[in-house]
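Here the sequence shown is numbered in numbering that gives the first Met the number 0, starting from 0 and rising by one per residue.
C-beta atoms are modelled at their ideal positions from N, C-alpha and C, and glycine is treated no differently.
See below for the structure under consideration.
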Amino acid sequence: MATSTVSSIPLSLNDRLVAGISALLIGAFLVFGAGLANSAVLHDTAHDTRHSYGFPCH
């Protein structure tokens, strides 16, 4: 039977606030950046990303 050990590092309030605000800013940028971008730009970006991973899309 496998056992695992979990250890945690307590973070200060300042560290948690910085992490939370950073996550909110990155999330807002992604949501509004994708929501307000031209659809052709999003398509081309996704298309190029698929090719860079070697995924045949056409």
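Within the segment 10-44, no run of beta strand (DSSP E) reaches 3 residues while sitting entirely inside it.
Rounded to whole angstroms, the separation of the alpha carbons of Leu12 and His50 is 43 Å. Your pair Leu41 and Ala33 checks out as a contact, with CB atoms roughly 6 Å apart and the cut at 8 Å. For Leu10, the closest alpha carbon among the candidates Gly19, Thr2, Ser3 is that of Gly19.
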